[in-house]
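2 protein chains.
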Amino acid sequence: APPQATIRRLSVYLRYLSGLENDGAKVISSQDLAGYLALNPAQVRKDLAYFGEFGKRGVGYSVKKLRDHIIKILGLQQVRKVAIIGAGGRLGRALALYTGFEKRNFKVSALFDNDPRVIGTVLSADAGEICPIENLPRIVKDRNIEILILTVPAQAIKEIYDLIMLSGVQAVLNFAPFKLISNENVVVNNVDLTTELESLSYHLRLKEAG
Amino acid sequence: APPQATIRRLSVYLRYLSGLENDGAKVISSQDLAGYLALNPAQVRKDLAYFGEFGKRGVGYSVKKLRDHIIKILGLQQVRKVAIIGAGGRLGRALALYTGFEKRNFKVSALFDNDPRVIGTVLSADAGEICPIENLPRIVKDRNIEILILTVPAQAIKEIYDLIMLSGVQAVLNFAPFKLISNENVVVNNVDLTTELESLSYHLRLKEAG
Ligand SMILES: NC(=O)c1ccc[n+]([C@@H]2O[C@H](COP(=O)([O-])OP(=O)(O)OC[C@H]3O[C@@H](n4cnc5c(N)ncnc54)[C@H](O)[C@@H]3O)[C@@H](O)[C@H]2O)c1
Ligand SMILES: NC(=O)c1ccc[n+]([C@@H]2O[C@H](COP(=O)([O-])OP(=O)(O)OC[C@H]3O[C@@H](n4cnc5c(N)ncnc54)[C@H](O)[C@@H]3O)[C@@H](O)[C@H]2O)c1
Chain A
1 APPQATIRRL SVYLRYLSGL ENDGAKVISS QDLAGYLALN PAQVRKDLAY FGEFGKRGVG
61 YSVKKLRDHI IKILGLQQVR KVAIIGAGGR LGRALALYTG FEKRNFKVSA LFDNDPRVIG
121 TVLSADAGEI CPIENLPRIV KDRNIEILIL TVPAQAIKEI YDLIMLSGVQ AVLNFAPFKL
181 ISNENVVVNN VDLTTELESL SYHLRLKEAG
Chain B
1001 APPQATIRRL SVYLRYLSGL ENDGAKVISS QDLAGYLALN PAQVRKDLAY FGEFGKRGVG
1061 YSVKKLRDHI IKILGLQQVR KVAIIGAGGR LGRALALYTG FEKRNFKVSA LFDNDPRVIG
1121 TVLSADAGEI CPIENLPRIV KDRNIEILIL TVPAQAIKEI YDLIMLSGVQ AVLNFAPFKL
1181 ISNENVVVNN VDLTTELESL SYHLRLKEAG
């Protein structure tokens, strides 16, 4: 099976190919694709070969065909409905109002929180009002939510874990600094923005050490 | 040199070891560290061996020593000052007000934007008022800013690129969906939150395909 890093690079290729198609480009070589993205051409070829894309020697890949294929591989032909837990908070609100998700086929379709002061607030027409967290299982089923985004404090993760499992959702994107583990029913991606800063700090230290 | 993925796992080990130390644990085996984090014990040992940490056979690693060592490896003994460009926007504002960064030694010390309606706003006492983007090079030097966080639209990246290079900053965390490439002076981490959703969509498609 292709590694996680290959799947993430597919998203980067997709974004670039979409730009190329808009500009009217018909073909692209692994050399050019790699050059623009500061990647290794052999790595690009290896990533695409996992999915049977080998390109034509000396010509490269068809921009349209490759783009359409990556869209299918990532399952992006249909709209994926997303819900945000902690939508009354700072990060939750920023994600709920972000128009960039819809451009790439993710639609924020439900919002949840446990703070009575924010329940009932309407952040956007599509997502409707912020619902109480107890209604999560019912609303996930009613609105066919496929992905839950967690923007609650780390200590709240344990409180809502059972509700998440009860809801039947199969994918979770967790922003709390607490590693939530995938199981056979739910795949979890953990994003810790502070880890991103720590990885930059590592490089700063290397420069300091000379 | 250790791979990027090893550096990111160090952050995860650090977070877990800090919790253990708070609970009074003295030693931990690679088995237990891996078990709790759903990782492979051999991977944990390999990650730590890059930095000369081998643990004692049958006993494991000293929690305190290992934690202190990882803090040094990641360069987290001192406070790293951070500035946010696009601080008047939704994501920028959420990051500017986030108290979690300071707990891990990152201090938001300057805010920038180009929208006259938000310039002069004070989001937090530490960061001061939102400054005009033209003042970036001077303020980065005056306040010893080491990391820039970019939360501007993708098309604004080209506009501010020269100012970023002029500022002399050595590390950038970019949230705009536009791959900014590292060079010999500036290391860049690109975070595309939509790519996180696309990687989850890939797993959803695999389940759909059965
Ligand atoms: N704000 C950021 O930029 C940022 C950056 C990195 C990480 N994070 C992480 O994202 C999470 C949210 O951060 P924030 O700054 O938005 O915090 P916040 O306090 O502004 O928002 C948290 C929200 O979660 C809600 N909540 C708490 N417990 C809940 C529960 N049991 N069920 C439903 N809702 C619940 C709260 O009512 C609140 O609206 C935290 O885990 C934080 O560590 C945030
Ligand atoms: N909001 C989110 O949850 C989210 C999620 C994923 C990605 N992003 C990305 O993060 C970035 C910010 O998103 P947002 O939703 O906060 O947008 P936003 O429009 O709310 O904020 C953008 C801010 O950047 C400022 N800006 C624009 N051009 C500038 C320039 N040349 N110099 C300085 N400041 C400038 C604007 O004045 C505004 O305050 C975008 O690239 C977006 O794609 C945001």
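First to last, the sequence lines map onto chains A and B.
FYI, this note's numbering numbers position 209 of the first sequence as 209, with every residue one higher than the one before it.
Take any residue in the second sequence, note its place counting from 1, add 1000, and you have its number in this note's numbering.
Glycine included, C-beta positions come from ideal geometry on N, C-alpha and C.
Values in this document were obtained by computation on a predicted structure and should not be read as measured data.
According to the neighbour-count rule (16 or more other Cβ atoms, all chains shown, within 10 Å of its Cβ), is Asp162 (chain A) buried or exposed?
Taking the first residue of the first sequence as 1, we reach residue 162 (chain A) at position 162. So Asp162 (chain A) ends up on the exposed side.
Go through the region 1145-1190 of chain B residue by residue and report every complete run of the alpha helix (DSSP H) that reaches 4 residues or more, in order.
1154-1167
Report the neighbours of Lys107 (chain A) on chain B: residues whose CB is nearer than 9 Å to its CB, in chain order.
Residue mapping note: residue 107 (chain A) aligns to position 107 of the first sequence, counting from 1. In chain order: nothing, as chain B lies at least about 11 Å away.
Please return the same chain residues whose Cβ sits closer than 6 Å to the Cβ of Leu1173 (chain B), not counting the five positions on each side in sequence.
Stepping through the second sequence from its first residue, residue 1173 (chain B) is reached at position 173. Counting only Cβ-Cβ distances below 6 Å, and skipping sequence neighbours, we find Ile1149 and Asn1189.
Members of the region 190-203 of chain A that neighbour chain B once the beta carbon cut-off is set at 9 Å
Asn190, Val191, Asp192, Leu193, Thr194, Thr195, Glu196, Leu197, Glu198, Ser199, Leu200, Ser201, Tyr202 and His203
Within its chain, find whatever has a CB closer than 8 Å to the CB of Val140 (chain A); leave out the 5 residues flanking it on each side and keep chain order.
Taking the first sequence and counting its residues from 1, one reaches residue 140 (chain A) at position 140. Answer for Val140 (chain A): Ala83, Ala110, Leu148, Ser167, Gly168 and Val169, listed in chain order.
When the distance is taken between beta carbons, is Tyr1016 (chain B) closer than 9 Å to Leu1048 (chain B)?
Within the second sequence, the letter at position 48 stands for residue 1048 (chain B). Within the second sequence, the letter at position 16 stands for residue 1016 (chain B). If you check the CB distance, Leu1048 (chain B) and Tyr1016 (chain B) do not come in under 9 Å.
Can you give the Cα-Cα distance for Gly1100 (chain B) and Ile1071 (chain B), rounded to whole angstroms?
If you number the second sequence from 1, residue 1100 (chain B) lands on position 100. If you number the second sequence from 1, residue 1071 (chain B) lands on position 71. When rounded, the distance between both Cα atoms is 17 Å.
Determine which residues of the region 130-164 of chain A have a Cβ less than 7 Å from any Cβ of chain B, and write them out in chain order.
Glu146 and Ile147
Whole-angstrom Cβ separation of Thr1194 (chain B) and Arg9 (chain A), contact assumed at under 8 Å?
Locating residue 1194 (chain B) in the second sequence gives position 194, where the first residue counts as 1. Locating residue 9 (chain A) in the first sequence gives position 9, where the first residue counts as 1. Incorrect: roughly 14 Å between the Cβ atoms, too far for contact.
So is the beta-carbon of Phe1175 (chain B) under 8 Å away from any non-hydrogen atom of ligand 1?
What you label residue 1175 (chain B) is simply residue 175 of the second sequence in a count that begins at 1. No - ligand 1 has no heavy atom lying nearer than 8 Å to the Cβ of Phe1175 (chain B).
Taking all protein chains shown into account, do 16 or more other C-beta atoms lie within 10 angstroms of the C-beta of Phe1054 (chain B), making it buried, or fewer, making it exposed?
On the second sequence, residue 1054 (chain B) is found 54 positions in, with the first residue counted as 1. It counts as exposed.
Could you tell me the boundaries of the beta strand (DSSP E) in which Val1118 (chain B) lies?
As a position in the second sequence, residue 1118 (chain B) is number 118, starting the count at 1. Following the DSSP letters along the chain, one finds Val1118 (chain B) in no beta strand (DSSP E), marked with neither H nor E.
I'd like to know if Phe1112 (chain B) contacts chain A, where contact means its C-beta is closer than 9 Å to some C-beta of that chain.
Here the question's residue 1112 (chain B) lines up with position 112 in the second sequence. For Phe1112 (chain B), no Cβ of chain A is located within less than 9 Å of the residue's own Cβ.
Could you tell me which of A:Asp113, A:Leu95 and A:Lys107 sits nearest to Ile157 (chain A), measuring between CA atoms?
For this step, residue 157 (chain A) is matched to residue 157 along the first sequence. Proximity to Ile157 (chain A) across A:Asp113, A:Leu95 and A:Lys107 peaks at A:Asp113, based on C-alpha coordinates.
Between Arg1104 (chain B) and chain A, is any beta-carbon pair separated by less than 9 Å?
Position 104 of the second sequence, counting from 1, holds the residue named residue 1104 (chain B). It does; some Cβ of chain A falls within 9 Å.
Whose CA, out of A:Val191, A:Met165 and A:Ile119, lies closest to the CA of Ala176 (chain A)?
For this step, residue 176 (chain A) is matched to residue 176 along the first sequence. With distances taken between Cα atoms, Ala176 (chain A) lies closest to A:Val191.
Does the beta carbon of Arg1067 (chain B) sit closer than 9 Å to a beta carbon anywhere in chain A?
Numbered from 1 along the second sequence, position 67 holds the residue referred to as residue 1067 (chain B). Among the CB atoms of chain A, none fall inside 9 Å of the CB of Arg1067 (chain B).
What does Lys1179 (chain B) touch in chain A if you count any residue whose Cβ is under 9 Å from its own?
Translated into the one-based positions of the second sequence, residue 1179 (chain B) becomes position 179. Those within 9 Å of Lys1179 (chain B) in chain A are Val12, Arg15, Tyr16, Tyr36, Leu37 and Ala38.
I'd like the span of the beta strand (DSSP E) that includes Ala1110 (chain B), first residue to last.
Indexing the second sequence from 1 puts residue 1110 (chain B) at position 110. That run of the beta strand (DSSP E) goes Phe1106 to Asp1113.
Cutoff 8 Å; reference Val1187 (chain B); Cβ partners in own chain excluding five residues on either side
As a position in the second sequence, residue 1187 (chain B) is number 187, starting the count at 1. Only Gln1170, Ala1171 and Val1172 meet the Cβ criterion.
Could you pull the DSSP bridge partners for Ile84 (chain A) from this structure?
Taking the first residue of the first sequence as 1, we reach residue 84 (chain A) at position 84. DSSP, once it has assigned bridges, lists A:Leu111 and A:Ile149 as partnering Ile84 (chain A).
With three or more C-beta pairs closer than 8 Å as the rule, is the region 1015-1035 of chain B touching the region 1058-1074 of chain B?
In the pairwise beta carbon analysis, the region 1058-1074 of chain B is classified as touching the region 1015-1035 of chain B: at least three pairs are separated by under 8 Å.
The beta strand (DSSP E) with Glu1129 (chain B) in it runs from where to where?
The residue you call residue 1129 (chain B) lines up with position 129 of the second sequence. Start and end: Gly1128 to Pro1132.
Going straight from the alpha carbon of Ala1087 (chain B) to that of Glu198 (chain A), what length do you get?
The residue you call residue 1087 (chain B) lines up with position 87 of the second sequence. The residue you call residue 198 (chain A) lines up with position 198 of the first sequence. Cα to Cα, the separation comes out at about 21 Å.
Nearest-angstrom Cα separation, counted from His203 (chain A) out to Glu1184 (chain B)
By 1-based counting over the second sequence, the position of residue 1184 (chain B) is 184. By 1-based counting over the first sequence, the position of residue 203 (chain A) is 203. Glu1184 (chain B) and His203 (chain A): Cα-Cα distance of roughly 11 Å.
Span of the alpha helix (DSSP H) around Pro137 (chain A)
Residue mapping note: residue 137 (chain A) aligns to position 137 of the first sequence, counting from 1. It spans Leu136 to Asp142 - the alpha helix (DSSP H) in which Pro137 (chain A) sits, taken as one unbroken run.
Can you give the Cα-Cα distance for Ser1011 (chain B) and Pro1003 (chain B), rounded to whole angstroms?
What you label residue 1011 (chain B) is simply residue 11 of the second sequence in a count that begins at 1. What you label residue 1003 (chain B) is simply residue 3 of the second sequence in a count that begins at 1. Rounded to the nearest angstrom, the two C-alpha atoms are 14 Å apart.
Tell me whether Ile133 (chain A) is buried or exposed, calling it buried when 16 or more other Cβ atoms sit within 10 Å of its Cβ.
Taking the first residue of the first sequence as 1, we reach residue 133 (chain A) at position 133. By the 10 Å Cβ count, Ile133 (chain A) comes out buried.
Local Cβ density within 10 Å of Arg57 (chain A), reported as buried at 16 or more and exposed below that:
To locate residue 57 (chain A), count along the first sequence from 1; it is residue 57. The residue is exposed, with fewer than 16 neighbouring Cβ atoms inside 10 Å.
Using three-state DSSP, classify Lys1064 (chain B) as helix, strand or coil.
Residue mapping note: residue 1064 (chain B) aligns to position 64 of the second sequence, counting from 1. In the structure shown, Lys1064 (chain B) sits in a helix (DSSP, three-state: H, G or I).
So which residues of chain A does Lys1046 (chain B) contact, with C-beta pairs closer than 9 Å?
Counted from its first residue, the second sequence places residue 1046 (chain B) at position 46. Those do not exist, as Lys1046 (chain B) stays about 16 Å from chain A at its closest Cβ, beyond 9 Å.
Nearest chain B C-beta to Ser124 (chain A) closer than 9 Å, yes or no?
In the first sequence, the residue the question calls residue 124 (chain A) occupies position 124. So no, Ser124 (chain A) is outside the interface.
Take Leu136 (chain A) as the anchor and find which of A:Ile164, A:Gly120, A:Ala1 and A:Gln155 has the nearest alpha-carbon.
Position 136 of the first sequence, counted from the first residue, corresponds to residue 136 (chain A). Measuring from the Cα of Leu136 (chain A), the nearest candidate turns out to be A:Ile164.
Terminal residues of the continuous alpha helix (DSSP H) containing Val1012 (chain B)?
Counting from 1 along the second sequence, the entry for residue 1012 (chain B) is found at position 12. Note, Val1012 (chain B): alpha helix (DSSP H), Gln1004 to Asn1022.
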